[in-house]
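Chemist: Handing you this structure, nothing more for now.
Numbering (my numbering), first residue to last: 1 to 223.
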């Protein structure tokens, strides 16, 4: 576990928690570290779990399938991002699935055990972890609201606009963390349509494309 201390120190769940208390928290939450191969499913649709995860290494994709059976990418997560916390706390069947994009390592913590420790008052760090989790859930709610705003747009260009507006400031580089195919899934648009629209926007002087980086050349586009 010592090799992952720096990852936990940068994780929102461990904010304001002394690293000397990590071992106690992990013991109280029945924590375990699991390694996965590419395309392994970490959480399946309909699965019920009390364990929330933290990506220690690699990339985890969060998504679901639409009514036509097509995959819809919600997000790609890398260290030290947490996931499945809402599902773990709700004790309800999962409405999303988590998949390993590449070889990855995940720390799983039992939220039921965490709540018990936090409520007992015998572990101040557990109470701090619970407070951090509540704040994180609030931020994720904001993220999902933004994602719904993107999906509510009819035109591909408008979805790109909403995505860029949420991801960058004017005149700044946005390092797109998805491949072109994954970005199309994230925006829920056809890959060819996405490529064509990005090409038009580049030709119109709105953006510049440098590998996986999108540079907003015309800041007024984000207004």
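Positions of the beta carbon are idealized from the N, C-alpha and C atoms, including for glycine.
Can you tell me whether DSSP reads residue 180 as helix, strand or coil?
Modeler: helix
Chemist: Could you check what DSSP says for residue 101 in three-state terms: helix, strand or coil?
Modeler: coil
Chemist: In chain order, what residues of the same chain have a beta carbon less than 7 Å from the beta carbon of residue 104, not counting five sequence neighbours either side?
Modeler: Listed in chain order, the non-local C-beta contacts of residue 104 below 7 Å within the same chain comprise 36, 55, 57, 58, 59 and 60, local neighbours out to five positions each way being set aside.
Chemist: Tell me the rounded alpha-carbon separation between residue 154 and residue 148.
Modeler: 12 Å
Chemist: Going by CA-CA distance only, name the one from 115, 151, 118 and 28 that's closest to residue 66.
Modeler: Across the set 115, 151, 118 and 28, the C-alpha of 151 shows the shortest separation from the C-alpha of residue 66.
Chemist: Determine the burial state of residue 211: buried for a count of at least 16 other Cβ atoms within 10 Å of its Cβ, exposed for fewer.
Modeler: Exposed is the call here.
Chemist: CA-CA distance, residue 42 and residue 62?
Modeler: Residue 42 and residue 62: Cα-Cα distance of roughly 10 Å.
Chemist: Look at residue 89 and residue 28 and say whether their C-beta atoms are less than 7 Å apart.
Modeler: no
Chemist: Measuring only the C-alpha atoms, how far is residue 181 from residue 191?
Modeler: 6 Å
Chemist: If I follow the unbroken alpha helix (DSSP H) through residue 156, where does it start and stop?
Modeler: 156-167
Chemist: At a cut of 8 Å, does the stretch 86-101 reach the stretch 13-23 through at least three beta carbon pairs?
Modeler: Contact fails: fewer than three Cβ-Cβ distances are below 8 Å.
Chemist: Let me know if residue 52 comes out buried or exposed under the rule of 16 or more other beta-carbons within 10 Å of its beta-carbon.
Modeler: buried
Chemist: Consult DSSP for residue 9 and reduce its assignment to one of helix, strand or coil.
Modeler: Shown here, residue 9 sits in a helix according to DSSP, grouped into three states.
Chemist: Nearest to residue 188 by CA position, among 74, 3 and 39, is which residue?
Modeler: For the residues 74, 3 and 39, the minimum Cα distance to residue 188 belongs to 74.
Chemist: Please classify residue 201: is it buried, with 16 or more other beta-carbons within 10 angstroms of its beta-carbon, or exposed?
Modeler: buried
Chemist: Could you give the distance in angstroms between the alpha-carbon of residue 106 and the alpha-carbon of residue 214?
Modeler: 30 Å
Chemist: Opposite residue 107 in the DSSP bridges: which residues?
Modeler: 33 and 54
Chemist: List the whole-angstrom C-beta distance separating residue 114 from residue 130, where the pair is believed to meet the contact cut-off of C-beta under 8 Å.
Modeler: 6 Å
Chemist: So residue 196 and residue 166 are supposed to be a Cβ contact under 8 Å. How far apart are they, rounded?
Modeler: In fact, because the Cβ distance is near 22 Å, the residues do not count as touching under 8 Å.
Chemist: Return the residue from the list 6, 209, 206 and 99 that minimises the CA-CA distance to residue 84.
Modeler: It is 99.
Chemist: Assign residue 134 to buried or exposed, taking buried as 16 or more other Cβ atoms, counted over all protein chains shown, within 10 Å of its Cβ.
Modeler: exposed
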